[in-house]
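Note that the protein sequences, when read in sequence, are chains V and H. Everything in the first sequence is counted per the numbering used here, starting at 1 for the first residue and increasing by one. Everything in the second sequence is counted per the numbering used here, starting at 1 for the first residue and increasing by one. Beneath this line is the structure, given in structure tokens, with notes to follow.
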Amino acid sequence: MTGLLITAGIILTIALFALVYRILALVNIAKGAHEKRVGYSNTVNAFMFILFFFVGFGAFFWYSGKAEYLPAPSSEHGIVTDDLFWTTTAIITVAFFLTHCLLFFFPFIFRFKEERKAYWYPDNTKLEILWTVIPGIVMAILVITGLIEWNKITAPAPKDSVQFEIVGKQFNWMVRYPGKDNKLGKYDYTKIDGTNQLGMDFASDKANFDDFMPGEIHIPKGKAVELKIRARDVLHSVYMPHFRVKMDAVPGMPTTFWFVPTKTTAEMRKELKNDKFNYEMACTEVCGNGHFSMRMIIVVDEPEAFNQWVTEQEPWAKKNQDYISGLKLKDVNLTELLK
Amino acid sequence: MSASDIQIEKVVDVHHDEHHDHEHHEQSFIRKYIFSEDHKIIAKQFLISGIFWAVIGGLFSVLFRLQLGFPEANLEILRPILGGWITEQGRLDQNFYLALVTMHGTIMVFFVLTAGLSGTFSNFLIPLQIGARDMASGFLNMLSYWFFFASSVVMFTSLLIETGPASGGWVIYPPLSALPKASLGSGLGMTLWLVSMALFIVGSLLGSINYVTTVINMRTRGLSMTRLPLTIWAFFLTAIIGILSFPVLFSAALLLIFDRSFGTSFYLDQIYIDGEALHNTGGSALLFQHLFWFLGHPEVYIVLLPALGITSEIVSTNARKPIFGYLAMVGSMLAITFISFIVWAHHMFVTGMNPFLGSVFMLLTLIIAVPSAVKAFNYITTLWRGNIVFTPAMLFSIGLVSFFISGGVTGIALGNSAIDIQLHDTYFVVAHFHLVMGSAAFFGMLAGVYHWFPKMFGRMMDDKLGYVHFWITFIGVYFIFFPMHYIGIAGFPRRYYSWTNFDAFSTYADLNMLISIAAIIVMAAQFIFIFNFFYSIFNGRLAPENPWRSNTLEWTTPRLPGHGNWPGKIPSVYRWPYDYSKPGAKEDFIPQNVPLSETRESNLAHENEQIAAELEMIEEEKHNADNHHGH
Chain V
1 MTGLLITAGI
11 ILTIALFALV
21 YRILALVNIA
31 KGAHEKRVGY
41 SNTVNAFMFI
51 LFFFVGFGAF
61 FWYSGKAEYL
71 PAPSSEHGIV
81 TDDLFWTTTA
91 IITVAFFLTH
101 CLLFFFPFIF
111 RFKEERKAYW
121 YPDNTKLEIL
131 WTVIPGIVMA
141 ILVITGLIEW
151 NKITAPAPKD
161 SVQFEIVGKQ
171 FNWMVRYPGK
181 DNKLGKYDYT
191 KIDGTNQLGM
201 DFASDKANFD
211 DFMPGEIHIP
221 KGKAVELKIR
231 ARDVLHSVYM
241 PHFRVKMDAV
251 PGMPTTFWFV
261 PTKTTAEMRK
271 ELKNDKFNYE
281 MACTEVCGNG
291 HFSMRMIIVV
301 DEPEAFNQWV
311 TEQEPWAKKN
321 QDYISGLKLK
331 DVNLTELLK
Chain H
1 MSASDIQIEK
11 VVDVHHDEHH
21 DHEHHEQSFI
31 RKYIFSEDHK
41 IIAKQFLISG
51 IFWAVIGGLF
61 SVLFRLQLGF
71 PEANLEILRP
81 ILGGWITEQG
91 RLDQNFYLAL
101 VTMHGTIMVF
111 FVLTAGLSGT
121 FSNFLIPLQI
131 GARDMASGFL
141 NMLSYWFFFA
151 SSVVMFTSLL
161 IETGPASGGW
171 VIYPPLSALP
181 KASLGSGLGM
191 TLWLVSMALF
201 IVGSLLGSIN
211 YVTTVINMRT
221 RGLSMTRLPL
231 TIWAFFLTAI
241 IGILSFPVLF
251 SAALLLIFDR
261 SFGTSFYLDQ
271 IYIDGEALHN
281 TGGSALLFQH
291 LFWFLGHPEV
301 YIVLLPALGI
311 TSEIVSTNAR
321 KPIFGYLAMV
331 GSMLAITFIS
341 FIVWAHHMFV
351 TGMNPFLGSV
361 FMLLTLIIAV
371 PSAVKAFNYI
381 TTLWRGNIVF
391 TPAMLFSIGL
401 VSFFISGGVT
411 GIALGNSAID
421 IQLHDTYFVV
431 AHFHLVMGSA
441 AFFGMLAGVY
451 HWFPKMFGRM
461 MDDKLGYVHF
471 WITFIGVYFI
481 FFPMHYIGIA
491 GFPRRYYSWT
501 NFDAFSTYAD
511 LNMLISIAAI
521 IVMAAQFIFI
531 FNFFYSIFNG
541 RLAPENPWRS
551 NTLEWTTPRL
561 PGHGNWPGKI
571 PSVYRWPYDY
581 SKPGAKEDFI
591 PQNVPLSETR
601 ESNLAHENEQ
611 IAAELEMIEE
621 EKHNADNHHG
631 H
């Protein structure tokens, strides 16, 4: 019944519009409106550009002032890339504004008038060189500043950085820390099963035995942190918005990203006056129907607290002793390794 | 007959064509309108198919905007159409959401803005504006449309199957797209996507080869390359880009088909999925991304250049001024064409690609901004001291320039790899490309339809409806895409079904709602256009021969040109196409086929020098014509 009413309503509305349209068309023909080169609408359209200019830019500047952005970056490189972003944004806003002043005012100023003739102005080499060179120079400056920072960000991680592994799978993240020996054990994707989710290869690398897999990420403030990123099934992408960190996780091709966190979770909570604040990690490469749900919490600790946390973690192998003994490894002193 | 036909125009059907003896017999309906070799009919076929796909692509975006703007809404009302894609709670199914996003992209980029835009206007305008009777090969041209049609049928079928269409994003990155177990849409839907795109590419190549051949070989007498309208330059370069880049997508798709069906490992390596370690090793997921974007980036210009060409023509005509810096416009299009091939990896800064490559591509990417900026400045200068007539086409062209700038400038932020780390795959990117390539190209297409409708159908579209259509769409598009910048700066990722899982992305429910409302209004406004379009085909005011007082050759044909375009001999060209408001001239336009010898009062010094040669040419032509008749 509702459907019928809606359909009837739509048909009636369309019929009404058609009728009004037809009447207006006939009135126009009767008035001979099409004999003239331009009608009154030419002025209306020209004026609309001016109106849109003021309302549009007004809304733009007003809203930009009150919009909610992300909190200031919590990583060293993030502060620089944010500065680059806002500098670039300032430059392009000026360009956007100036070009639109011209683009929206010219139509109004130079709208058609029967008595006027347009100005014959096919080219001006000087002008064209000028506006090729100026964007060229601006681009060059932006490229150079960007390149310098890009090279720093993508340079190899410092030797003493805290390393851990992030593995993406449909549809959650898993992390693995190297444990006491500071070495992530080797993995082999054929060793993956329901228990050994990361495919740690205990047979070929004993460094695996002290590796631990916490449910949330902990990192120390002020120290370089190196992410070893991989994916198990399809592409994922590690995205830590507050740290301005992003890097794809690719099956078969380990990737990496390093950064230095600058604010602990506690400091952020205080700064934002929000006791519930947490750093978060998300996925930004579409990976299937649960793509939007790959959340993991990141905790930034003071370095001492971080070290404390590391020592408190129990190695995965110790938690899964049945699995390890099921592997029937030779020449391995399990009790010694799991101590 | 409608009352608006009162204005009787001169000659309606001067159909026969002395130069084409074969055309004398009447063609059957099927040969004339369906399997037609006439470029004008083929253009209309592309246009109507494009409109059909645009409606579907647009409605898809409304559906997923409902989810994003009103996540709590009960969509039970859509169950009769969407069936099982509405969950028991009355929400959009998550798989279907991704399928909608994917198909919206695929349909808009390929079926609307490539086939619908290039297919329509390259076909329609190239022969008419260069003074040719048809394309170099009418038969290949017909095949080009029918391959596209077959591709459309396959893609449309994929919308209706039980597992739904492809759902890995329009970029279909493997392994997601290669593994049916990874996603519902990676099964039959993906197979159909690949088959459809293979057919599409064949059609596109047949078309492009024809466009290039025609422009090179079939220009009328006197029409040198430097006298070509900018539309033709744009279509010509677009076709070249298509010929060089689409085959790469074809091979990418072919290798993906092998990986999916024949057990190869081009893109697959060390994958564990669904409780099973796959045997595939040694492939590279990044290889696909390189191949894809080798087409994918030039594709942006395949979509954009024709729109810019159309705009150049319309802005110049309606500002009653020559386009400013014709040679600079051609030069920047050439530069864009060339550079468009060497910027593709800027889509891949954070994919794990070697960072050094990232630096190189960042440099090249920011270089392409320079010719783009030059084009924008030249459009604006063309408006300066013009005598501007606001036809709907002109409004859409100005709208295009606005989007080209507002969407283009954010490319400068995104092209900077250091800044892109944060912005990559956020709504900032969505805002950027929807403005600069989506909306700009779409406005170019609409401008083209309004401008050349009189030549296509012999009738005028209603301009008042055109104004309403423009203002709702123009303002609405800004309401849709401008807020996305804020959402992107706040870090919201793309292709998310919902953001509420994350504290960081729990803001901006209000902006998302605003965007969705604007999207629905803009979509609804397009029906004004569709009504105007179809109503005017049958009932529009009869078009004068040259309604916009334009210079190019298509306006020298009869109101409804038959197959062969000109009833008599093809006009020769004596000047460039932008002699608007020339000092000393009687009218504010001088068509290209008016000899310099007839406009001595307005000729420039160097043009007067050409008159002697021109008169010789005219004499020779007359001589040839006499011989021909004697024969």
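Idealized CB from N, CA, C, for every residue including glycine.
Flagged as an interface residue toward chain V: leucine 286 (chain H), by a C-beta distance shorter than 9 Å. The beta-carbon distance between serine 151 (chain H) and proline 306 (chain H), rounded to whole angstroms, is 19 Å. This is too long to meet the 8 Å contact definition.
Aspartate 248 (chain V) is bridged by DSSP to V:Ser237. Per DSSP, reduced to three states, the secondary structure at lysine 40 (chain H) is helical. Ranked by how close their Cα comes to the Cα of phenylalanine 139 (chain H), the residues H:Lys32, H:Trp471, H:His424, H:Thr281 have H:Lys32 in first place. For the stretch 58 to 76 of chain H, the set of residues with a beta-carbon nearer than 9 Å to any beta-carbon of chain V is empty. According to the DSSP assignment, leucine 140 (chain H) belongs to the alpha helix (DSSP H) that extends over 138 to 160.
When DSSP states are grouped into helix, strand and coil, tyrosine 187 (chain V) belongs to the strand group.
Not one beta carbon of chain H lies nearer than 9 Å to the beta carbon of glycine 179 (chain V). Beyond the five residues adjoining it in sequence on each side, threonine 500 (chain H) comes within less than 8 Å, by CB distance, of Pro71, Ser506 in the same chain, given in chain order. When the Cα atoms are used, asparagine 593 (chain H) and alanine 413 (chain H) turn out to be separated by approximately 46 Å. Within the DSSP bridge table, the entry for proline 493 (chain H) names H:Thr426 as partners. Minimum Cα-Cα distance from glycine 491 (chain H) among the listed residues V:Cys287, V:Val299, V:Met281, V:Ile297 corresponds to V:Met281.
Scanning chain V for C-beta atoms nearer than 9 Å to the C-beta of proline 561 (chain H) yields nothing, as the closest lies near 23 Å away. In the assembly as shown, valine 94 (chain V) is an exposed residue. Its beta-carbon has fewer than 16 other beta-carbons within 10 Å.
The C-alpha of phenylalanine 442 (chain H) lies about 23 Å from the C-alpha of valine 212 (chain H). Under the three-state reduction of DSSP, proline 261 (chain V) is assigned to strand.
Of all residues in the stretch 305 to 321 of chain V, none is placed with a Cβ closer than 7 Å to any Cβ belonging to chain H.
In the three-state DSSP reduction, proline 220 (chain V) falls in the strand class (E or B).
Look at cysteine 287 (chain V) here: in three-state DSSP terms it is coil, with no helix or strand label. Around the beta-carbon of phenylalanine 243 (chain V), 16 or more other beta-carbon atoms lie within 10 Å, marking it buried. Residue range 125 to 154 is occupied by the alpha helix (DSSP H) that includes isoleucine 148 (chain V).
Secondary structure at glutamine 170 (chain V): coil, using DSSP grouped into helix, strand and coil. One thing to note: valine 449 (chain H) has its Cβ no nearer than 9 Å to the Cβ of glycine 407 (chain H).
Residue range 296 to 301 is occupied by the beta strand (DSSP E) that includes methionine 296 (chain V).
Beta-bridge annotation (DSSP): isoleucine 388 (chain H) is paired with V:Arg111. An exposed status is given to threonine 226 (chain H), since fewer than 16 other beta-carbon atoms sit within 10 Å of its beta-carbon.
Excluding five sequence positions before and after tryptophan 566 (chain H), the CB atoms of its chain that fall closer than 7 Å to its own CB belong to Thr557, given in chain order. DSSP links tyrosine 272 (chain H) through a beta bridge to H:Ala277.
The stretch 228 to 246 of chain V makes contact with the stretch 283 to 295 of chain V, as at least three CB pairs between them are under 8 Å. Tryptophan 471 (chain H) reaches chain V at Asn45, Met48, Phe52, counting residues in chain order whose Cβ is nearer than 9 Å. Note: glutamate 280 (chain V) is bridge-paired with V:Ile297 in the DSSP secondary-structure output.
For the stretch 216 to 241 of chain H, there are no residues whose beta carbon sits under 8 Å from a beta carbon of chain V. Boundaries of the beta strand (DSSP E) harbouring glutamate 226 (chain V): 225 to 231, taken from the DSSP string.
Here serine 167 (chain H) is buried: its Cβ has 16 or more other Cβ atoms, across all protein chains shown, within 10 Å. DSSP, reduced to helix, strand and coil, places valine 401 (chain H) within a helical segment of the structure shown.
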